[in-house]
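Trainee:
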Amino acid sequence: MSERRRVVVTGLGLVSPIGNSLNAVSAALRTGSHGIRKVDAWAEWGVRTGLGGVVDDVELVVGTRKQLRAMGKVARLAVAATHAAIVDAGLDEAEVRAPSTLLVYGSTDGSTGAAEEYYRRLYTTRKFEGLLSSSYLKFMSHTCAANLAQVFGITGRVLPICSACTSASQSIGEGYHAIASGRDELAICGGAEELHVTVAGVFDLMMAASVRYNDHPELTPRPFDRARDGMVVGEGAGTLVLESWEHAQRRGARAWAEIVGYGSNCDGAHLTSPSPEGMAGAMRLALRDAGLDPAKLDYVNAHATGTEVGDIAESLATAEAIGTRVPLSSTKGHTGHTLGGCGAIESIFAIAMMQGGFVAPTRNLDDPDPRCAPLAWLRGDAREAKLERVMNNNFAFGGINTALILAKV
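Numbering-wise (numbering that gives the first Met the number 0), the sequence shown opens with residue 0 and increments by one.
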């Protein structure tokens, strides 16, 4: 087997509730700004939760009119983030379209807004007359990957990932493996999600959505806090351009970070109740892949969404796999849970912290839940820190677990 190649991140692009550039999100993470808003339109649906991590729709500067007609909001967010990442990486059209360029992109669903409109018309009129042929293209499960391939002319492999909250992190991990193994030279990886009442309603039905703070969006979500009452669903997209170190050097590309470890597994036990053993296993796999002792980590960006069961399980898993001394926070207090996009968005947050020399605290973590393991909580204000190696964790329904380790170049 040939020696594993180094894989670096050369392009970053995102659309998030706290900003659409590295500078904007760095400032928000430093100052504790958040993007949680009240969503008044949901009241008519009878859901108890009324808050979301909202992204105003984006104006695209790429794509033909015909291509734009096939996109719902989730695909538009993905295209905006990916265009920004390609520009940031300094890639030309030939490099993007090369057969050795891989596209790996995910989301939990297609466009939920487009699906609602389609089925509302269909079941109201009981006729297909008047429905647009492009409607399905907006809400098919691989709409992000398919639309990205069309807009940017991808001719290499296209791998859609649909694993809910690990969609983006698995996309990054699979891109990393493809380059490290020598299969591909360059990979465009990430994930996206669109906010819709049907998504918020699912977590409302599960009693997993925040409902106590509807009139005070600044106070929720509250990852790991004793007074947390559930997650806030968010939206956004994140895209990372990955390259082999040799490929990046040949074209004189800047490297934001290096991916040095990735682990993914499945609990194989329960669709919605997480297993600390499975979570810890994914972290250990990433550490083994990186050849790294957990004490060498400088920071952990936790998945923690603010649910009772999830936060406790994750804290126990982290203590088991990493110990209790590595500084840890969750950035979901800033954005809400961006589901299929969170693995990429939060990896970019981690890179922003590495580049900026700081760590962001967990917003609203005032009183850590004593049922959680006693981790090295980051609370209060952001603090200066020299970060050489960070871990970003994400976990999904179905018991799917991921851990990524990023290193400063």
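Where is the CB? At the ideal position from N, CA and C, for every residue including glycine.
Given R324, which residues of its chain have a CB within under 6 Å of its CB, disregarding the five upstream and five downstream residues?
Mentor: Locating residue 324 in the sequence shown gives position 325, where the first residue counts as 1. These residues qualify, in order along the chain: A375.
Trainee: In chain order, what are the residue ranges of uninterrupted alpha helix (DSSP H) at least 4 long that sit wholly in the segment 275-311?
Mentor: Counting whole runs of 4 or more residues, the segment 275-311 contains the alpha helix (DSSP H) stretches 275-289.
Trainee: Since N391 is in the beta strand (DSSP E), which residue starts that stretch and which ends it?
Mentor: Sequence index remark: in the sequence shown, residue 391 carries index 392 (1-based). Start and end: R388 to A395.
Trainee: Does M139 pass the burial test, meaning 16 or more other C-beta atoms within 10 Å, or should it be called exposed?
Mentor: Within the sequence shown, residue 139 is the residue found at index 140, counting from 1. Buried: at least 16 other Cβ atoms inside 10 Å.
Trainee: By DSSP's criteria, L327 is part of a beta bridge. Which residues make up the other side?
Mentor: Within the sequence shown, numbered from 1, the residue matching residue 327 stands at position 328. Answer by DSSP bridge pairing, in chain order: V299 and W376.
Trainee: Rounded to the nearest angstrom, how far is the Cβ of T81 from that of T238, given a contact under 8 Å?
Mentor: The residue given as residue 81 occupies position 82 in the sequence shown. The residue given as residue 238 occupies position 239 in the sequence shown. The Cβ separation is near 4 Å, so the contact holds.
Trainee: For the candidate residues V54, E184, D365 and A343, whose alpha-carbon lies nearest to that of R434?
Mentor: In the structure as shown, the chain begins at 0 and stops at 408. Residue 434 is therefore absent and cannot be evaluated.
Trainee: With three or more beta-carbon pairs closer than 8 Å as the criterion, would you say the segment 295-305 touches the segment 223-234?
Mentor: Contact between the segment 295-305 and the segment 223-234 is present, because at least three Cβ pairs lie under 8 Å.
Trainee: Thinking A97 and N146 are a contact (beta carbons under 8 Å), I'd like their distance in whole angstroms, please.
Mentor: Along the sequence shown, one-based indexing puts residue 97 at 98. Along the sequence shown, one-based indexing puts residue 146 at 147. So it is not a contact: roughly 20 Å between Cβ atoms.
Trainee: At which residues does the alpha helix (DSSP H) containing Q250 begin and terminate?
Mentor: Position 251 of the sequence shown, counted from the start, is the residue given in the question as residue 250. In the sequence as presented, Gln is not what sits at residue 250; that position holds Arg. R250 -> no alpha helix (DSSP H), and no H or E assigned at all.
Trainee: Is there contact between the segment 199-210 and the segment 104-119, where contact requires at least three CB pairs shorter than 8 Å?
Mentor: The segment 199-210, when compared against the segment 104-119, does not touch it at the 8 Å Cβ threshold.
Trainee: Closest to F223 by CA distance: which of P373, F127 and D55 is it?
Mentor: As a position in the sequence shown, residue 223 is number 224, starting the count at 1. With distances taken between Cα atoms, F223 lies closest to P373.
Trainee: Could you please give the first and the last residue of the uninterrupted beta strand (DSSP E) stretch that includes V150?
Mentor: Translated into positions along the sequence shown, residue 150 becomes position 151. It is not in any beta strand (DSSP E) - V150 instead sits in the alpha helix (DSSP H) that spans T142 to F151.
Trainee: Determine the burial state of T334: buried for a count of at least 16 other Cβ atoms within 10 Å of its Cβ, exposed for fewer.
Mentor: Along the sequence shown, one-based indexing puts residue 334 at 335. With 16 or more Cβ atoms within 10 Å of its Cβ, T334 is classed as buried.
Trainee: Taking all protein chains shown into account, do 16 or more other C-beta atoms lie within 10 angstroms of the C-beta of T219, making it buried, or fewer, making it exposed?
Mentor: The count along the sequence shown starts at 1 and reaches residue 219 at position 220. Result: buried.
Trainee: Roughly how many angstroms separate the alpha carbons of V240 and A167, rounded to a whole number?
Mentor: Numbered from its first residue, the sequence shown carries residue 240 at position 241. Numbered from its first residue, the sequence shown carries residue 167 at position 168. Their backbone Cα atoms lie some 13 Å apart in a straight line.
Trainee: Distance check for P159 and L403, CA to CA, integer angstroms please.
Mentor: Within the sequence shown, numbered from 1, the residue matching residue 403 stands at position 404. Within the sequence shown, numbered from 1, the residue matching residue 159 stands at position 160. For L403 and P159, the distance between alpha carbons rounds to 19 Å.
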